[in-house]
């Protein structure tokens with residue numbers, strides 16, 4: 009039997025991703041009993057899979073697929089009708105006689121997302137380290153000659169997400185640039201994955217993905233060409249690079265725009281491509297400088313999903329933002345102002361510092377009180393009304409936002425009690 013080499017495969021088939029142990033797949037012809045085939049790769053570009061087996065098929069055949077995908081709730085079975093897009097004999101990496109690719113015909117979007125997430129996480133290949141991802145001590149730095157970072161220390165655990173929250177000029181971007189090795193600190197020290205940024209910068213960079221606030225994309229190049237450029241900067245080449253490019257495009261929902269010049273992409277697509285470029289080499293630490301600044305709700309939610317998936321894989325994430333609502337999505341919030349870190353805690357603990365204003369309307373009269381625990385104090389206040397409870401018309405509760413808490417507790421002139 010003649011073996012087909014990789015160079016002889018059409019360009020679109022060279023991009024297929026090797027998955028091997030990722031999916032347990034059973035495939036059968038809808039009209040006849042047929043033995044199971046083995047899934048040997050996922051075809052992200054066609055939205056389907058590549059199969060190999062000993063039973064002949066031809067282009068245009070319909071096959072039924074069953075995928076068993078592990079989830080926290082147990083294995084989930086996903087079924088889909090698929091169409092054979094191409095078929096050939098021989099495979100340089102398989103003993104099976106027939107090789108063919110199928111595209112999903114009617115798969116649910118949520119099922120395809122689950123498959124993608126599972127494949128991406130299996131391919132990412134990250135191993136959680138026992139030590140911290142980031143160790144920064146008393147970092148200082150300048151921006152345009154003016155000191156913008158004034159003695160900030162930070163430690164980030166493996167797989168932890170941290171939001172740097174603060175107004176413009178707080179020093180967030182300076183801190184991220186220093187950790188990304190694109191700017192030297194004026195003093196202090198920092199390590200990424202155990203590598204000292206002063207003496208082991210090259211080693212550290214292999215573990216860092218950096219998404220700057222202003223994208224660093226090349227407008228005349230296509231999305232794929234941009235990813236190829238950034239991948240080669242991290243010493244990725246050949247099939248290994250092609251696989252990672254295809255997965256990064258699929259992960260950020262950009263496969264249909266792979267051959268599109270960047271100048272033709274919408275602002276939201278450019279943001280997604282910037283993220284793809286930051287993770288194409290599979291970094292253990294992702295640094296993002298205001299990634300969704302000015303974005304609409306849809307893009308924000310997309311990025312939240314991306315970051316949740318990366319965090320689940322084990323990627324450590326440091327993201328700067330000026331919006332408290334964005335910061336609440338992280339494991340920790342570091343509030344910065346004037347180059348200093350004034351608070352560093354979980355969103356839950358920070359929210360406990362807030363007050364709620366409770367307003368009772370009794371017989372047309374408004375009565376208010378502030379409390380940090382309205383769930384306990386409100387029932388007591390209602391019991392205290394006694395016979396007046398029959399005249400109670402309305403109960404309104406207004407809880408502090410994170411912005412309120414920061415203003416009251418950490419800014420000059422705050423009125424924290």
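Residue numbers (this note's numbering): 9 to 425.
Every residue, glycine too, gets a C-beta built ideally from N, C-alpha and C.
Asked                                                                                                                                                                 : Found
Given this structure, state the Cα-to-Cα distance separating residue 34 from residue 82, to the nearest angstrom.                                                     : Note that residue 34 scores 48 on pLDDT, short of 50, meaning its location in the model is unreliable; the coordinates nonetheless yield the value given after this. Taking the straight line from one Cα to the other gives about 18 Å.
On the premise that residue 221 lies in contact with residue 298, defined as a C-beta separation below 8 Å, what is that separation, rounded to the nearest angstrom? : 5 Å
In this structure, does DSSP put residue 194 in helix, strand or coil?                                                                                                : coil
Run through the region 132–205 for me and flag every whole beta strand (DSSP E) of 3 or more residues, listed as ranges in chain order.                               : 142–151, 154–164, 169–173 and 195–200
Rounded to the nearest angstrom, what separates residue 239 and residue 212 at their Cα positions?                                                                    : 16 Å
Starting from the Cα of residue 401, find the closest Cα among 78, 361, 367 and 415 and give me that residue.                                                         : 367
Please state whether the Cβ-Cβ distance between residue 277 and residue 294 is less than 8 Å.                                                                         : no
Taking the C-alpha atoms as reference points, what is the distance between residue 310 and residue 235?                                                               : 20 Å
Could you check what DSSP says for residue 52 in three-state terms: helix, strand or coil?                                                                            : Low local confidence applies: a pLDDT of 48 at residue 52 is under 50, so the model's placement there is unreliable, with the coordinate-based value given in what follows. The answer is coil: DSSP assigns residue 52 none of H, G, I, E or B.
Is residue 115 helix, strand or coil when you go by DSSP?                                                                                                             : coil
Are the CB atoms of residue 326 and residue 174 within a distance shorter than 8 Å?                                                                                   : no
Could you tell me if residue 228 is buried or exposed, where buried requires 16 or more neighbouring beta carbons within 10 angstroms of its beta carbon?             : exposed
Whole angstroms are fine: how far does the CA of residue 86 sit from the CA of residue 120?                                                                           : 9 Å
To the nearest angstrom, report how far apart residue 243 and residue 218 are at their CA atoms.                                                                      : 16 Å
What residue from 324, 272 and 257 has the CA that sits closest to residue 296's CA?                                                                                  : 324
Of the residues 264, 157 and 377, which one's Cα is nearest the Cα of residue 405?                                                                                    : 377
In the DSSP assignment, what are the bridge partners of residue 368?                                                                                                  : 375 and 403
Can you tell me which of 162, 178 and 412 puts its alpha carbon nearest to the alpha carbon of residue 358?                                                           : 412
Verify whether the separation of the beta carbon atoms of residue 144 and residue 162 is less than 8 Å.                                                               : yes
Taking the alpha-carbon positions, what's the residue 202 to residue 316 distance?                                                                                    : 24 Å
Take the Cβ of residue 360 as the centre, count every other Cβ of all protein chains shown within 10 Å, and call the residue buried at 16 or more, exposed below.     : exposed
Which class does residue 73 belong to by DSSP, given the choice of helix, strand or coil?                                                                             : strand
CA-CA distance, residue 265 and residue 231?                                                                                                                          : 7 Å
Look at the Cβ atom of residue 284, then the Cβ atom of residue 259, and state whether they are nearer than 8 Å.                                                      : yes
Does any residue of chain C have a CB that is nearer than 8 Å to the CB of residue 181?                                                                               : No chain C appears in this structure, which consists of one protein chain only.
Measuring straight from C-alpha to C-alpha, what distance separates residue 381 and residue 389?                                                                      : 12 Å
Under 7 Å from any heavy atom of the ligand MN, does the C-beta of residue 284 make it?                                                                               : As for the ligand MN, it is missing from this structure, which has no ligand bound.
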